[in-house]
Amino acid sequence: NAGVTQTPKFQVLKTGQSMTLQCAQDMNHNSMYWYRQDPGMGLRLIYYSASEGTTDKGEVPNGYNVSRLNKREFSLRLESAAPSQTSVYFCASSEVGRGTGELFFGEGSRLTVL
Amino acid sequence: QKEVEQNSGPLSVPEGAIASLNCTYSDRGSQSFFWYRQYSGKSPELIMFIYSNGDKEDGRFTAQLNKASQYVSLLIRDSQPSDSATYLCAVNRNSGGYQKVTFGIGTKLQVIP
Chain A
630 NAGVTQTPKF QVLKTGQSMT LQCAQDMNHN SMYWYRQDPG MGLRLIYYSA SEGTTDKGEV
690 PNGYNVSRLN KREFSLRLES AAPSQTSVYF CASSEVGRGT GELFFGEGSR LTVL
Chain Y
884 QKEVEQNSGP LSVPEGAIAS LNCTYSDRGS QSFFWYRQYS GKSPELIMFI YSNGDKEDGR
944 FTAQLNKASQ YVSLLIRDSQ PSDSATYLCA VNRNSGGYQK VTFGIGTKLQ VIP
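Line by line, the protein sequences are chains A and Y. The first sequence begins at 630 in this note's numbering and counts up one residue at a time. The second sequence begins at 884 in this note's numbering and counts up one residue at a time.
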């Protein structure tokens with residue numbers, strides 16, 4: 630049972646380069662999320678998608694774009710990477726209105742921008 | 884004021900003792916409350932959730948909620964070295980089909996053998 634799968638797990642970029650983080654879930658969840666985690670800052674929401682076809686900004690959206698490709702997949706794109714985007718990125722999914730409201734996380738993607 | 888406040892620690896307890904982790908939140912509309920455990924280099928995993936005032940027990944873990952005081956706590960009885968991790972408090976508010984989940988910075992727990 631894969632749950633939430635993120636790729637890549639590690640990436641090093643130079644300032645100004647672009648990249649896309651991929652996320653897929655196999656739990657048939659409606660809602661998907663992208664968080665970043667930095668020391669002393671905790672998990673902060675970048676973007677979320679409440680359902681297929683919708684996306685909205687979270688707490689720290691600047692410098693990022695997202696695409697909800699279908700119900701399973703939710704990608705995060707950095708168009709022009711900056712050192713401030715060095716972080717660990719987590720994708721998560723949940724089912725609103727049913728169950729516990731638990732967030733299921735992927736393994737994380739560690740991004741370094743030089 | 885942060886929406887969810889936690890002491891970052893580290894909180895050090897001897898093996899076998901009770902570890903007490905605390906969290907306060909500012910949004911009185913928060914509906915559900917979670918404790919996630921995160922081992923170093925790993926992703927968060929849910930260990931407890933609570934919706935109603937009072938205590939909820941699951942094995943060695945007890946979550947406590949006091950909505951009037953806007954306070955959530957996690958007690959870990961008979962602490963083991965394997966409990967050494969960062970514990971994230973999270974509060975949730977459903978808003979138009981979206982779960983607004985806000986996390987605290989986490990408390991690092993060290994269980995000393």
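All residues carry an ideal CB built from backbone N, CA and C; glycine is no exception.
- Contact annotation: the stretch 691-698 of chain A does not touch the stretch 891-900 of chain Y, with fewer than three C-beta pairs closer than 8 Å.
- Judged by beta-carbon spacing, A:E708 lies beyond the 8 Å limit of Y:F932, meaning their Cβ atoms are not closer than that value.
- In the displayed model, Y:Q889 falls within coil according to three-state DSSP, outside both helix and strand.
- Between Y:T990 and Y:Q953, the CB-CB gap reaches or exceeds 8 Å.
- When C-alpha distances from A:Q714 are compared across A:S660, A:V689, A:E681 and A:D655, the shortest belongs to A:V689.
- Residue state for A:Q714 is assigned as helix, using DSSP reduced to three classes.
- Checking the DSSP bridge columns, you'll see A:E702 partnered with A:A653.
- For Y:R943, no beta strand (DSSP E) encloses it, and the DSSP letter there is neither H nor E.
- Along the stretch 935-965 of chain Y, none of the residues has a CB nearer than 9 Å to a CB of chain A.
- Non-local beta-carbon contacts of A:A711 in its own chain, meaning distances under 7 Å to residues more than five positions away in sequence, involve T644, G692 and V742 in chain order.
- Using a CB distance cut-off of 8 Å, A:M670 counts as an interface residue toward chain Y.
- A:N699 has its alpha-carbon roughly 31 Å from the corresponding atom of Y:G987.
- At a cut-off of 8 Å between beta carbons, A:T729 contacts chain Y.
- Here A:D685 carries a strand assignment [DSSP, helix/strand/coil].
- For A:Q646, there is no enclosing beta strand (DSSP E), as DSSP marks it with neither H nor E.
- Annotated three-state conformation of A:S738 is strand, per DSSP.
- Restricting attention to Y:S913, Y:G899 and Y:P927, the CA atom closest to the CA of Y:K983 is found in Y:S913.
- One finds G671 and L672 in chain A with Cβ atoms closer than 9 Å to the Cβ of Y:L971, taken in chain order.
- Per DSSP, the continuous beta strand (DSSP E) segment holding A:S660 begins and ends at S660 to D667.
- With its beta carbon at least 8 Å from every one in chain Y, A:E681 lies outside the interface.
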